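Take a look at the structure below.
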Amino acid sequence: MLRPPLWLLAFPVGYLLGWFVFGLAPLPLFALLLTLMLSLAWAEGGGSGLKDFAALLGILLGLALFLGSLVALRAMFSLGSGYEWTGFLLPLTLLALLLSLIVLTPLLVWLRRTERTLRTTPAPWLLLAGVLTFAFFPAVRVDCRGLQSDDFLSFQSDFQSHDRVPRWVEHPEQLPDRAELPAAFKMEHVRAGVVGCQRRIFSFDRVRPLLLVHLTEKVQPGMKAYAAAFSVGDHRKLTRWVAVRDMPFDLSLRERRSPYGGLGWDAYPAYTALPPEVAALLKE
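Numbering that gives the first Met the number 0 numbers the first residue of the sequence shown as 0 and each following residue consecutively.
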């Protein structure tokens with residue numbers, strides 16, 4: 000029975016793998032991917048395939064380090080970049096440049112002698128391409144990327160503005176279901192956050208985030224707060240306003256940032272869970 004070549008399966012398997020491990024910290028993720036790519040190179044080409052793959056990988060890493068060093072040098076001396084960082088970054092950048100040249104020189108010499116290096120099996124690279132494709136173009140929601148532009152969360156919005164009067168405070172008639180709040184409650188602040196951005200690693204779970212909105216009185220001892228859950232996007236109110244003990248200012252409730260937060264895939268503020276009072280209403 001004929002088996003399909005590995006490269007035909009590598010991309011879809013890599014895409015599913017990207018979903019399965021999404022959320023894993025960068026260092027373990029790199030180690031896992033490198034191990035799998037080396038295994039595929041060995042399975043397809045044996046010892047010579049493994050050697051050629053390692054050489055090509057070294058060349059690509061060296062080129063990335065070299066180009067990154069040039070970009071860092073250009074940014075360092077560009078207009079308005081701040082020369083106060085030069086004394087710290089310049090030695091590191093020059094060291095990276097030197098290391099990349101040390102790595103690239105023997106590899107490029109060897110590459111000229113063995114042209115087959117550029118014809119290594121595509122399976123490891125297709126696996127990597129599948130993982131990266133899922134990371135940047137996931138078929139399902141696995142994080143809260145894009146939600147920072149939501150009207151309830153956006154820093155440019157007047158919904159919970161810190162330098163202006165929040166929208167519902169200035170226009171209380173726009174507050175949905177105002178009758179659910181006690182007549183004596185005097186709303187001074189509006190805070191919105193997102194809940195449900197984290198997923199279980201090593202699973203095919205997706206995330207279903209909700210918006211959590213707090214209404215609070217003037218900040219003082221004994222202040223009262225009410226909260227409700229809203230859907231993302233259309234801001235459909237999912238629960239009634241209910242008194243909560245957890246305040247939106249409590250940092251212990253904040254969710255840890257995603258390991259890929261540097262890519263801008265986070266939304267802020269993100270909470271670990273809904274307040275128990277709101278969660279109970281949502282279950283109903």
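From the three backbone atoms N, C-alpha and C, an ideal C-beta is built for every residue, glycine too. The structure displayed is predicted, hence computed values, not measured ones.
Item to complete: Take L39 and list the residues in its own chain whose beta-carbon comes closer than 8 Å to its own, dropping the five residues that flank it on each side.
Response: L5, A9, T120, A122, P123 and L126
Item to complete: Determine, using beta-carbon pairs with one atom in the stretch 130-143 and one in the stretch 189-208, whether at least three such pairs fall under 8 Å.
Response: yes
Worksheet item: Mind checking D51: buried by the 16 CB within 10 Å criterion, or exposed?
Response: buried
Fill in: Residues bridged to V189 (per DSSP)
L214
Worksheet entry | Cut-off 8 Å between Cβ atoms - residues of its own chain near P11, not counting five sequence neighbours on either side | G129
Worksheet item: By Cβ distance below 6 Å, which residues in the same chain neighbour E83 in space, the five residues on each side in sequence not counted?
Response: Residue placement at E83 is poorly supported in this model, since its pLDDT is 48, which falls under 50; the coordinates still yield a value, given next. Hits under 6 Å: none found.
Worksheet entry | Sequence-distant residues of the same chain with beta carbon closer than 7 Å to W264, five excluded per side | D142, R144 and S257
Worksheet item: Which one or two residues does DSSP pair with V241 in a beta bridge?
Response: A226
Item to complete: Taking P171 and R177 to be in contact with their CB atoms under 8 Å, please state how far apart those CB atoms are, rounded to whole angstroms.
Response: 7 Å
Worksheet entry | Whole-number beta carbon distance between P247 and H213, since they are thought to touch under 8 Å | 4 Å
Practice prompt. Using only alpha-carbon positions, find the residue among A53, S47 and A279 that is nearest to L35.
Written response: A53
Worksheet item: Excluding the five sequence neighbours on either side, which residues of its own chain have a C-beta within less than 7 Å of the C-beta of E179, listed in chain order?
Response: R239 and W240
Worksheet item: Thinking C-alpha only, which one of L55, R244, G260 and Y267 is nearest E216?
Response: R244
Worksheet item: Where G45 and L94 are concerned, what is the direct C-alpha to C-alpha distance, given to the nearest angstrom?
Response: 35 Å
Item to complete: Kindly list the residues whose CB is nearer than 8 Å to the CB of K185, restricted to its own chain and excluding five residues on each side of it in sequence; keep chain order.
Response: E216 and K217
Item to complete: Assign F203 to one of two classes, buried (16 or more other C-beta atoms within 10 Å of its C-beta) or exposed (fewer than that).
Response: exposed
Practice prompt. Quick one: residues in its chain with C-beta nearer than 6 Å to the C-beta of R190, no 5 flanking neighbours on either side, listed in chain order?
Written response: Q159, H213 and P247
Discussion item. Check for me: the alpha helix (DSSP H) holding R166 runs from which residue to which?
Written reply: R166 to E169
Discussion item. Applying the 10 Å Cβ sphere with the 16-neighbour rule, what's the burial state of G261?
Written reply: exposed
Discussion item. For K282, report the span of its alpha helix (DSSP H) as first-last.
Written reply: P275 to K282
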